[in-house]
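Chemist: Quick one: structure below, then a few questions.
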Ligand SMILES: [Zn+2]
């Protein structure tokens, strides 16, 4: 039996349209935050800002369970049809409109909320840095459940369908400096050539094989060294991209990468880690996924629920579980006829899916029991 959840379509589209027109990049979501604050104030929902960044946390209800719901709020700086601008080509405008609709619903139906609902409007998802800053702000209590959502490309999830988890992989990038020793090109034995060292390392990366059937990869994506054709280069930089289906597999892959890097450090060859980016894999929770499955079938019917589709992407949503702030977490993958793909300027999707998405997120909260 499909549920009917009354929503103010007009208000939701108004929210979406405003947010859509006012895309802002990571940590610059000032106008966006002002709008969210204004809307929450109109609804009479209590909210808190962050001391040193845009975004906010709204609170409804009280007691347990403590249920979190997260919307990312940032957009991407891009050029579209010859015009440079900041565009919501990742659909975070739809996510915000949905979470605002959830707030409105529980303002109107407080008796349907058991426990506390924390709505997290998180900045800087695109740079994979916002979630950790929210966690470190100390402004969130420990969450028993946390739900997120993302609109999905049509190639992964069709319109009127949804998946109960977005099974993102773990991704890690290392930026590394290699130092060697310079010498004249005619006297290579007197120097330590960073290109030779890097070639050996790259071969070692390519030979890494883990004992698993799960997907993973390790790929050098950048390498720069050398300025003159007759001098042994003593300095270079490279970047290596690691991906793994689970966080455990990522640890293994990292260990193997570091072992390979250690092995080429001999004589005058020295490596220094210059920086790294990390985004954890989704941590599947049966409890959260079962709630989301029921919400999907309640709203879209049995045919609406699909098996999770493997992605190559990542989302900093997974930090909330990875860092231990939230116990049971999942992200709804929302089909909405999204084309041609995420992060592509001019990306479009069926706006009516925002209403379905709001209904599923509302239902997920109702179905969550301590
Ligand atoms: Zn996104």
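Numbering (the working numbering), first residue to last: 1 to 370.
Where a beta carbon is used, it is the ideal one built from N, C-alpha and C, also for glycine.
Predicted model only: the values in this text are computed from it and were never measured.
(1) Might you give, ordered along the chain, the residues of its own chain that have their beta carbon closer than 8 Å to the beta carbon of residue 407, omitting 5 neighbours on each side?
(2) So what's residue 17 in DSSP terms, helix, strand or just coil?
(3) What would DSSP say about residue 296, mapped onto helix, strand or coil?
(4) Evaluate residue 243 with the Cβ neighbour count: other Cβ atoms within 10 Å of its Cβ, from every protein chain shown; 16 or more gives buried, anything less gives exposed.
(5) In chain order, which continuous runs of the alpha helix (DSSP H) of length 4 or greater are located wholly inside the stretch 249–323?
(6) Measuring only from the beta carbon, is residue 72 closer than 7 Å to any heavy atom that is part of ligand 1?
(7) Expressed to the nearest angstrom, what Euclidean distance is found between the alpha-carbon atoms of residue 230 and residue 155?
(8) From what residue to what residue does the beta strand (DSSP E) around residue 214 run?
(9) Any idea what DSSP makes of residue 360, helix, strand or coil?
(10) Let me know if residue 71 comes out buried or exposed under the rule of 16 or more other beta-carbons within 10 Å of its beta-carbon.
(11) What residue does the alpha helix (DSSP H) around residue 108 start on, and which one ends it?
(12) Just to confirm, does residue 92 get its C-beta within under 7 Å of one of the non-hydrogen atoms of ligand 1?
(13) Taking the alpha helix (DSSP H) that residue 130 belongs to, which residues open and close that run?
(14) Comparing the CB of residue 125 with every heavy atom of ligand 1, is any distance shorter than 7 Å?
(15) Let's test the definition: count the other Cβ atoms within 10 Å of the Cβ of residue 142 and tell me whether it reaches 16, buried, or not, exposed.
(16) Looking at the secondary structure, which residues open and close the alpha helix (DSSP H) in which residue 198 lies?
(17) Assuming residue 358 and residue 102 are in contact, meaning their beta carbons sit under 8 Å apart, how far apart are those beta carbons, in whole angstroms?
(18) Residue 37 to residue 213, Cα distance in whole Å?
Modeler: Short version:
(1) As displayed, the chain neither begins before 1 nor continues past 370, which places residue 407 out of reach and without an answer.
(2) Counting from 1 along the chain shown, the entry for residue 17 is found at position 17. Helix.
(3) For this step, residue 296 is matched to residue 296 along the chain shown. DSSP places residue 296 in helix when its eight states are reduced to three.
(4) Here residue 243 refers to the residue found at position 243 when the chain shown is read from its first residue. So residue 243 ends up on the buried side.
(5) The qualifying runs are 286–300 and 319–322.
(6) By 1-based counting over the chain shown, the position of residue 72 is 72. For ligand 1, at least one heavy atom lies less than 7 Å from the Cβ of residue 72.
(7) On the chain shown, residue 230 is found 230 positions in, with the first residue counted as 1. On the chain shown, residue 155 is found 155 positions in, with the first residue counted as 1. Roughly 50 Å between the two C-alpha positions.
(8) Numbered from 1 along the chain shown, position 214 holds the residue referred to as residue 214. Counting along the chain, residue 214 falls outside any beta strand (DSSP E), and DSSP gives it neither H nor E.
(9) Indexing the chain shown from 1 puts residue 360 at position 360. Helix, per DSSP.
(10) Counting from one through the chain shown, the residue named residue 71 turns up at place 71. Buried.
(11) Within the chain shown, residue 108 is the residue found at index 108, counting from 1. 92–108 is the span of the alpha helix (DSSP H), which, as asked, contains residue 108.
(12) Within the chain shown, numbered from 1, the residue matching residue 92 stands at position 92. Within 7 Å of the C-beta of residue 92 there is at least one heavy atom belonging to ligand 1.
(13) Numbered from 1 along the chain shown, position 130 holds the residue referred to as residue 130. 130–136 is the span of the alpha helix (DSSP H), which, as asked, contains residue 130.
(14) Residue mapping note: residue 125 aligns to position 125 of the chain shown, counting from 1. Yes, the beta carbon of residue 125 sits closer than 7 Å to at least one heavy atom of ligand 1.
(15) Your numbering for residue 142 matches position 142 in the chain shown. Result: exposed.
(16) Locating residue 198 in the chain shown gives position 198, counting from the first residue. 194–207 is the extent of the alpha helix (DSSP H) around residue 198.
(17) Numbered from 1 along the chain shown, position 358 holds the residue referred to as residue 358. Numbered from 1 along the chain shown, position 102 holds the residue referred to as residue 102. Confirmed, Cβ separation roughly 6 Å.
(18) One-based indexing of the chain shown puts residue 37 at position 37. One-based indexing of the chain shown puts residue 213 at position 213. For residue 37 and residue 213, the distance between alpha carbons rounds to 47 Å.
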